[in-house]
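J.: Chains as they are written, first to last, in my numbering: chain D, 1 to 229; chain Z, 1001 to 1229.
Provided herewith is a single structure, encoded as structure tokens, for subsequent inquiry.
Number of protein chains: 2
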Amino acid sequence: VVRVDHVSKDYRLGRQTFRALHDVSLAVAKGRFLAIAGPSGSGKSTLLNLIGCIDTPTEGQVYIGKEEVGRKTPDELADLRASALGFIFQTFNLLPVLSARENVEYPLLHRKEISRKERRDRVDHYLGVVGLSRYAHHRPNELSGGQRQRVAIARALAGSPAIVLADEPTANLDSKTGEGVLRLMKKINESEGTTFIFSTHDFRVMEMADRVVNISDGRLAGTGKEETG
Amino acid sequence: VVRVDHVSKDYRLGRQTFRALHDVSLAVAKGRFLAIAGPSGSGKSTLLNLIGCIDTPTEGQVYIGKEEVGRKTPDELADLRASALGFIFQTFNLLPVLSARENVEYPLLHRKEISRKERRDRVDHYLGVVGLSRYAHHRPNELSGGQRQRVAIARALAGSPAIVLADEPTANLDSKTGEGVLRLMKKINESEGTTFIFSTHDFRVMEMADRVVNISDGRLAGTGKEETG
Ligand SMILES: Nc1ncnc2c1ncn2[C@@H]1O[C@H](COP(=O)(O)OP(=O)(O)OP(=O)(O)O)[C@@H](O)[C@H]1O
Ligand SMILES: Nc1ncnc2c1ncn2[C@@H]1O[C@H](COP(=O)(O)OP(=O)(O)OP(=O)(O)O)[C@@H](O)[C@H]1O
Ligand SMILES: [Mg+2]
Ligand SMILES: [Mg+2]
């Protein structure tokens, strides 16, 4: 459902070039609970951003479903992201002027097939499962670090996307809260067939994952191909 | 060296009041490696901000050394923070227009007793010990999440403050990098007598700590008094 083909990503730094990813290939089967593990600075967020279509590779191609992302217009990309992808950012990226509830609701607003009542029920449900019902009206700067992270999680899950990209979703959570979030995601993965791709340092995520790939200095260890189980 | 006396902290939320800390008392001996542990939203960052003099309590007093912080003028507080405290924020709070090097150097600029050469040596040293020598010229948005966290750590340590307040300093770090940072802090604690106060979810911090206090729903478990060992 996701394929990354010989992808490299360079950044310009002054007059020099910094290669953050080098010839990365990865095939991810539908319904995977995949963990991308590696040291700080190894390229995990960069890779997730390429898969999530919020950045473009310097070389190589990214495919979501069978479609090559690089061939899409900005509008088509926006549609694809809105309909198929849920993103939990490492820095949360919540909208500061909106409450927790409004932040979770935001990506649902443009989906015409969801009625107003269903939208409210979904937002209530996901705020509840991450333990934030009582904080629904707090704005991001009125929330703790781990609470903001949970709003970002609820926001990504509430749209029931086919693919969830989670960049260190448990980093700011105590172990009990973090476990609750992971069990929720595992449950959604098993009951809905949602594909989860994590960037993580958390060994519990790696244990729950049905597949772990390792990245170091911008290069993937191993072939990146799907193996069975 | 730090004393918190019957401190409460309320936030105004619309027309309601939210009590984030309730009657918290804590005495911290000089040279402690103290961990404050508790669930997401329990009040750890709020307590650290009060100790770090970047917020004021609604009730109660905070003492740094023997001096009551609430009686100081804004200028005196700024001096106290600059000379005695190092703060590693949960959201890093780096200056976006400055490079990693310049961010680490920034709090040292106004200290007249440090020569230009010594300042540069200190910045080089601390960038090196957190593994960021090769990234000295990157700006925060050209760094990974864990790299930004390490810049924030280097910045707090480079001033050799008497008290370091570290709000989840390992949250965005892989286990190897995180261990390196903790060993560095433990070493500084043992050789310089620097007091460390952590807010953390990381069990390794709790294991390394010579004292752990637990907080839940804004209340400290236990008396908060110093016990021996
Ligand atoms: N805009 C940029 N310009 C230059 N270098 C960059 C830029 N963005 C990221 N980098 C570099 O690319 C590398 C990979 O960054 P990335 O954010 O993917 O790491 P990561 O594996 O997610 O790390 P962490 O675990 O710390 O979050 C890092 O070394 C970083 O310094
Ligand atoms: N400005 C504010 N207005 C209202 N409530 C607030 C405000 N700031 C924080 N809070 C609330 O105070 C409580 C404590 O927040 P704090 O940031 O201290 O938690 P924490 O223990 O650091 O959590 P985490 O582990 O998630 O970082 C939270 O429930 C939060 O929602
Ligand atoms: Mg990252
Ligand atoms: Mg906090």
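Even for Gly, the Cβ is constructed at its ideal location relative to N, Cα and C.
#1: So, using beta-carbon positions, are G1086/Z and A1171/Z closer together than 7 Å?
#2: Of all the beta strand (DSSP E) runs that stay within the bounds of the segment 71-144 of chain D, which reach a length of 3 or more residues?
#3: Along chain D, in chain order, which residues have C-beta atoms closer than 7 Å to that of P1039/Z?
#4: Rounded to whole angstroms, what is the Cα-Cα separation between D10/D and N1214/Z?
#5: Quick check on A1171/Z: does DSSP put it in helix, strand or coil?
#6: When you compare the CB of Q1016/Z with every CB in chain D, is at least one pair closer than 7 Å?
#7: Hey, does Q147/D have any beta-carbon neighbour from chain Z nearer than 7 Å?
#8: With a threshold of 7 Å between beta carbons, is H1022/Z in contact with chain D?
#9: According to DSSP, what are the bridge partners of K9/D?
#10: Which residues of chain Z have a Cβ atom closer than 7 Å to the Cβ of S144/D, listed in chain order?
#11: With respect to the beta strand (DSSP E) encompassing V1069/Z, which residues constitute its N-terminal and C-terminal limits?
#12: Tell me, please, whether the CB atom of G229/D is closer than 7 Å to any CB atom in chain Z?
#13: Along the chain, where does the alpha helix (DSSP H) containing R1204/Z start, and where does it finish?
#14: Could you tell me the alpha carbon to alpha carbon distance between Y1126/Z and A1136/Z, rounded to whole angstroms?
#15: Take I153/D and list the residues in its own chain whose beta-carbon comes closer than 7 Å to its own, dropping the five residues that flank it on each side.
#16: I'd like the span of the beta strand (DSSP E) that includes S1199/Z, first residue to last.
#17: Beta carbons nearer than 8 Å to chain Z: which residues of the segment 69-96 of chain D have them?
#18: Let me confirm a value: R32/D is counted as buried when at least 16 other C-beta atoms fall within 10 Å, else exposed. Which label applies?
#19: Taking 7 Å as the limit between beta carbons, can you name the residues of its chain near N141/D, skipping five residues before and five after?
#20: Below 8 Å on C-beta distance, what does E168/D contact in chain Z?
#21: In the structure shown, what three-state DSSP assignment does A1166/Z receive?
#22: What's the C-alpha gap between K1176/Z and R1081/Z?
#23: If you check the beta carbons only, do A84/D and A27/D fall under 7 Å apart?
#24: Over the uninterrupted alpha helix (DSSP H) stretch that includes I51/D, give me the two end residues.
#25: Is any heavy atom in ligand 2 found nearer than 6 Å to the beta carbon of A1020/Z?
#26: To which residues of the same chain is T58/D closer than 6 Å at the C-beta, ignoring the five residues directly before and after it?
#27: Taking 7 Å as the CB-CB cut-off, is H6/D touching chain Z?
#28: Please check the pair S115/D and S1144/Z, which I expect to be a contact at CB under 8 Å, by giving their CB distance rounded to whole angstroms.
#29: So, for T1091/Z: in the same chain, excluding its five sequence neighbours on each side, which residues have a beta-carbon less than 6 Å away from its beta-carbon?
#30: Just verifying my parser: in three-state terms, what is the DSSP assignment at I153/D?
#31: Taking only the alpha-carbon atoms, compute the straight-line gap between E1207/Z and G1060/Z and give it to the nearest angstrom.
#32: Based on the DSSP secondary-structure assignment, which residues constitute the bridge partners of K1214/Z?
#33: Quick check on H125/D - is its C-beta less than 7 Å from some C-beta in chain Z?
#34: Give a yes or no on whether the C-beta atoms belonging to V1001/Z and I1051/Z are separated by under 7 Å.
#35: D1055/Z: which of G1038/Z, L1077/Z, E1067/Z and P1039/Z sits nearest, CA to CA?
#36: In chain D, which residues lie less than 8 Å from Y1011/Z when you measure between Cβ atoms?
T.: Quick answer:
#1: Here residue 1086/Z corresponds to residue number 86 of the second sequence, with the count starting at 1. Here residue 1171/Z corresponds to residue number 171 of the second sequence, with the count starting at 1. No. Outside cutoff.
#2: 85-88
#3: For the purposes of this step, residue 1039/Z is taken as residue 39 along the second sequence, with counting starting at 1. Result: D174, K176 and T177.
#4: On the first sequence, position 10 is the one that residue 10/D refers to. On the second sequence, position 214 is the one that residue 1214/Z refers to. If I take the Cα positions, the gap works out to 45 Å.
#5: Indexing the second sequence from 1 puts residue 1171/Z at position 171. If DSSP states are grouped into helix, strand and coil, A1171/Z belongs with coil.
#6: Stepping through the second sequence from its first residue, residue 1016/Z is reached at position 16. Answer no: the Cβ-Cβ gap between Q1016/Z and chain D never drops below 7 Å.
#7: Numbered from 1 along the first sequence, position 147 holds the residue referred to as residue 147/D. Q147/D counts as touching chain Z.
#8: Here residue 1022/Z refers to the residue found at position 22 of the second sequence. Output row for H1022/Z: interface = no.
#9: As a position in the first sequence, residue 9/D is number 9, starting the count at 1. Note: K9/D sits in a beta bridge opposite L21/D.
#10: Counted from its first residue, the first sequence places residue 144/D at position 144. Going along chain Z in sequence order, the residues near S144/D (Cβ under 7 Å) are S1040, G1041 and S1045.
#11: As a working note, residue 1069/Z is residue 69 in the second sequence. Counting along the chain, V1069/Z falls outside any beta strand (DSSP E), and DSSP gives it neither H nor E.
#12: Start at 1 with the first residue of the first sequence, and residue 229/D comes out as number 229. Below a pLDDT of 50, predicted positions are generally treated as unreliable, and G229/D, at 36, falls in that range; no measurement from the model is reported.
#13: Working through the second sequence from its first residue, we reach residue 1204/Z at position 204. Its alpha helix (DSSP H) spans residues F1203 to M1208.
#14: As a working mapping, residue 1126/Z is identified with position 126 in the second sequence. As a working mapping, residue 1136/Z is identified with position 136 in the second sequence. Their backbone Cα atoms lie some 11 Å apart in a straight line.
#15: Position 153 of the first sequence, counting from 1, holds the residue named residue 153/D. So the qualifying residues of the chain are I88, V130, P169 and V181.
#16: For the purposes of this step, residue 1199/Z is taken as residue 199 along the second sequence, with counting starting at 1. For S1199/Z, the uninterrupted beta strand (DSSP E) run begins and ends at T1195 to T1200, by DSSP.
#17: Q90 and T91
#18: Within the first sequence, residue 32/D is the residue found at index 32, counting from 1. Looking at its Cβ environment, which holds 16 or more other Cβ atoms inside 10 Å, R32/D is buried.
#19: Here the question's residue 141/D lines up with position 141 in the first sequence. The answer, listed in chain order, is P96.
#20: Reading the first sequence from its first residue, position 168 is the one you call residue 168/D. Here the neighbours are G1145 and N1172.
#21: Stepping through the second sequence from its first residue, residue 1166/Z is reached at position 166. DSSP places A1166/Z in strand when its eight states are reduced to three.
#22: Locating residue 1176/Z in the second sequence gives position 176, where the first residue counts as 1. Locating residue 1081/Z in the second sequence gives position 81, where the first residue counts as 1. Each residue's alpha carbon lies about 31 Å from the other.
#23: Taking the first sequence and counting its residues from 1, the one referred to as residue 84/D is at position 84. Taking the first sequence and counting its residues from 1, the one referred to as residue 27/D is at position 27. No, the pair does not count as a contact, with Cβ atoms beyond the cut-off.
#24: Reading the first sequence from its first residue, position 51 is the one you call residue 51/D. Note, I51/D: alpha helix (DSSP H), K44 to I51.
#25: For the purposes of this step, residue 1020/Z is identified with residue 20 of the second sequence, where counting begins at 1. Indeed, a heavy atom of ligand 2 lies less than 6 Å from the Cβ.
#26: Indexing the first sequence from 1 puts residue 58/D at position 58. For T58/D, where only same-chain residues beyond five positions count, the Cβ hits under 6 Å are S8, K9 and D10.
#27: Working through the first sequence from its first residue, we reach residue 6/D at position 6. Closer than 7 Å: no.
#28: Here the question's residue 115/D lines up with position 115 in the first sequence. Here the question's residue 1144/Z lines up with position 144 in the second sequence. Not really, about 41 Å apart at Cβ, beyond 8 Å.
#29: Here residue 1091/Z refers to the residue found at position 91 of the second sequence. Closer than 6 Å at Cβ, skipping near neighbours: no residue.
#30: Mapped onto the first sequence, residue 153/D falls at position 153. Correct three-state label for I153/D: helix.
#31: By one-based count along the second sequence, residue 1207/Z stands at place 207. By one-based count along the second sequence, residue 1060/Z stands at place 60. The straight-line gap from Cα to Cα measures roughly 31 Å.
#32: Counting from one through the second sequence, the residue named residue 1214/Z turns up at place 214. Correcting the residue identity first, residue 1214/Z is Asn in this sequence and not Lys. According to DSSP, which records beta bridges pairwise, N1214/Z is partnered with A1037/Z.
#33: Start at 1 with the first residue of the first sequence, and residue 125/D comes out as number 125. When Cβ-Cβ separations below 7 Å define contact, H125/D makes no contact with chain Z.
#34: Numbered from 1 along the second sequence, position 1 holds the residue referred to as residue 1001/Z. Numbered from 1 along the second sequence, position 51 holds the residue referred to as residue 1051/Z. No, Cβ-Cβ distance for V1001/Z and I1051/Z is not below 7 Å.
#35: Against the second sequence, residue 1055/Z aligns to sequence position 55. Minimum Cα distance to D1055/Z is reached at L1077/Z.
#36: If you number the second sequence from 1, residue 1011/Z lands on position 11. The contacting residues are E142.
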